[in-house]
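The block underneath contains the structure these notes are about, expressed in structure tokens.
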Amino acid sequence: MIATAAVTDVAATLLPEQATDSVWNTIVVGGGPAGAAVAIRLARGGRRVLLVDRQSMPRPKVCGCCLSSTAMAELRELGCDSDALGRLLGTVPLERVRLVAATRGVTLPMPPGRTLSRESLDSQLVQMAGDAGAAWLPQVDVTGVAENPGPEPMVTVTCRPQTGRHAGGVFLLRAESAVIATGLADHVRVPGDDSRSIEPGSRIGVGTTLAPGMIDLPAGELLMAVGRSGYCGIVTLEDARIDVAAAIDRQRIAAAGSIGRAVAEIVQEAAGPAAWVAHACDALASAAYQATPPLTRSAATVAGITGRILRVGDAAGYVEPFTGEGMGWALAGGRLAADALLGSPAPAAAYSRSFAAFARRHHRRCRRIAAVLRHPWLVGAAIRVAAAAPWMAEPLLPLLVGSRRGQGACFG
Ligand SMILES: Cc1cc2nc3c(=O)[nH]c(=O)nc-3n(C[C@H](O)[C@H](O)[C@H](O)COP(=O)(O)OP(=O)(O)OC[C@H]3O[C@@H](n4cnc5c(N)ncnc54)[C@H](O)[C@@H]3O)c2cc1C
């Protein structure tokens with residue numbers, strides 16, 4: 469069983485049939501960090517915004533739950549100052565990383581980072597969107613977004629309610645623009661758009677949350693275990709539950725017979741016969757996991773031809789998550805899309821340009837790191853050097869996690 473957080477439900481602000489009465493300025497599909505960031509900013513900018521998600525909030529999400537310096541900076545820009553980040557959002561400081569590979573290990577101080585469960589973070593962001601004036605429509609699956617060719621510049625969003633008296637039926641919503649923020653599982657059809665592609669050999673993400681105490685891990689420490697066919701990050705959350713997130717080759721899961729056994733094997737081969745490992749591996753092997761589709765992928769940031777449908781967050785492309793920057797990228801992408809929609813006469817062009825400039829550098833670095841991680845012996849050798857001379861490794865950590873020194877960052 470996955471241990472869940474006690475976070476209050478974010479109530480819908482309208483019924484599906486009420487949403488059909490309006491022509492919205494923007495419909496945002498997906499209430500993760502990317503979609504919520506767009507909705508908060510557009511609503512604050514005075515736009516009529518509808519935020520739709522096929523799930524309700526809170527909901528679990530496969531994630532290392534580490535907030536990078538980029539994510540922290542974006543959250544601050546959304547109105548959470550440093551105190552509020554701890555107090556309002558309830559984040560936990562992250563101070564050290566214990567890196568294990570090829571039976572070697574080293575513990576290094578991290579640039580200050582923070583952890584927070586996705587149930588808590590995403591619910592609070594959606595609540596912030598509601599507070600800013602956005603309408604919130606959960607448990608509605610969006611199957612397609614289409615541009616109308618006529619003189620009326622409009623997009624049509626096709627929806628299927630998951631619950632209620634219209635469950636299973638179809639209804640249409642209308643807006644001047646739409647933002648697709650549906651994450652890795654993006655299956656929203658956009659006529660004429662075939663830009664989505666998955667990198668061959670891409671790993672999948674898997675994750676679970678264990679009850680407090682199931683793994684002996686001091687609060688404030690991130691355990692990263694790098695094995696032959698995947699790696700796994702383990703941290704303690706704000707409510708003392710243990711978050712486990714891993715990127716793994718699909719063949720390894722098939723060979724191990726279950727996700728849990730594959731995760732336990734990776735931790736075992738990375739950490740070796742240390743006393744804590746056997747107990748941790750029992751807990752990891754018997755847990756229930758969620759899995760993502762393949763991780764490394766690309767898609768056009770602007771879907772369709774009239775420039776009224778933008779993609780943000782993981783739906784606009786993603787690279788393996790070792791450096792734990794996806795939430796930061798999602799929040800930043802949301803900001804860039806909202807800025808373009810609010811301020812530019814040609815939002816699509818403005819957003820694609822600004823997003824490409826932002827993402828190119830980060831994605832390139834993460835691809836290089838992902839390539840190195842396919843060779844755990846190399847990581848093991850680096851750990852040996854770091855254990856013997858930590859002063860050599862410490863200055864490199866911020867580079868690895870995409871932060872300037874002193875800004876705070878984390879793995880995930
Ligand atoms: C193993 C792993 C570890 C990670 N660790 C970290 C980490 O430590 N730090 C970090 O910053 N990032 C990490 N990430 C990345 C991070 O989880 C993502 O980059 C981030 O969640 C992307 O946000 P998003 O808003 O684009 O998508 P999501 O958070 O996936 O949100 C998408 C939302 O869209 C909704 N949705 C999907 N389809 C539809 C539909 N058809 N209709 C309506 N709603 C829909 C979903 O229900 C969901 O709520 C990790 C990822 C993985 C896989």
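If you're matching positions, the sequence shown starts at 469 in the numbering used here and goes up one per residue. All C-beta atoms in this analysis are idealised placements derived from N, C-alpha and C, irrespective of residue type, glycine included.
Following a CB-centred definition, is residue i positioned closer than 7 Å to any heavy atom of ligand 1?
i: Gly500; result: yes
i: Leu763; result: yes
i: Arg522; result: yes
i: Met596; result: no
i: Ala649; result: yes
i: Gly728; result: no
i: Ser588; result: no
i: Gly781; result: yes
i: Ser536; result: yes
i: His655; result: yes
i: Cys834; result: no
i: Met795; result: yes
i: Arg582; result: no
i: Leu652; result: yes
i: Ala539; result: yes
i: Tyr699; result: no
i: Tyr757; result: no
i: Asp609; result: yes
i: Tyr786; result: yes
i: Val497; result: yes
i: Thr704; result: no
i: Arg664; result: no
i: Ala715; result: yes
I'd like the span of the beta strand (DSSP E) that includes residue i, first residue to last.
i: Met692; result: 689-695
i: Gly503; result: Here Gly503 belongs to no beta strand (DSSP E); instead the alpha helix (DSSP H) covers 501-512.
i: Pro561; result: 560-569
i: Gly698; result: 698-704
i: Ala708; result: No beta strand (DSSP E) holds Ala708; DSSP gives it neither H nor E.
i: Thr494; result: 491-497
i: Val517; result: 517-520
i: Arg779; result: 777-779
i: Ala479; result: Run containing Ala479: none; DSSP gives neither H nor E here.
i: Ala603; result: 603-605
For the putative contact between residue i and residue j, defined by C-beta atoms under 8 Å, what is the C-beta separation to the nearest angstrom?
i: Leu778; j: Ala505; result: At roughly 13 Å, the Cβ-Cβ gap does not stay under 8 Å, so Leu778 and Ala505 are not in contact.
i: Glu667; j: Thr764; result: 4 Å
i: Gly698; j: Asp717; result: 6 Å
i: Ala480; j: Pro606; result: 6 Å
i: Val625; j: Val731; result: Rounded, the Cβ-Cβ distance is 37 Å, inconsistent with contact.
i: Leu562; j: Cys531; result: In fact, because the Cβ distance is near 14 Å, the residues do not count as touching under 8 Å.
i: Arg582; j: Pro528; result: That belief does not hold up - the Cβ atoms of Arg582 and Pro528 are roughly 19 Å apart, past 8 Å.
i: Arg696; j: Glu644; result: Incorrect: roughly 50 Å between the Cβ atoms, too far for contact.
i: Leu518; j: Ala603; result: 5 Å
i: Ser536; j: Gly792; result: 6 Å
i: Pro844; j: Ala570; result: 5 Å
i: Ser663; j: Ala783; result: That belief does not hold up - the Cβ atoms of Ser663 and Ala783 are roughly 11 Å apart, past 8 Å.
i: Gly419; j: Ala649; result: What the structure shows of the chain is the stretch from 469 to 880, and residue 419 is not part of that stretch, so it cannot be assessed.
i: Arg835; j: Val787; result: 6 Å
i: Ser588; j: Pro526; result: 7 Å
How far does the alpha helix (DSSP H) with residue i in it extend, from its first residue to its last?
i: Gln592; result: 586-600
i: Leu810; result: 794-811
i: Cys834; result: 815-841
i: Thr538; result: 537-545
i: Ile721; result: 718-724
i: Ala487; result: 484-487
Problem set entry | Ordered list of beta strand (DSSP E) runs contained in the segment 616-640, each at least 3 residues | Those beta strand (DSSP E) runs which fall completely within the segment 616-640 and span 3+ residues are 623-629.
Problem set entry | Secondary structure, beta strand (DSSP E): runs of 3+ residues fully inside the segment 736-767 | Within the segment 736-767, the complete beta strand (DSSP E) runs of at least 3 residues are 758-762.
Exercise. In chain order, which beta strand (DSSP E) runs of at least 3 residues are fully inside the segment 650-688?
Worked result: DSSP runs (the beta strand (DSSP E)) wholly in the segment 650-688: 672-678.
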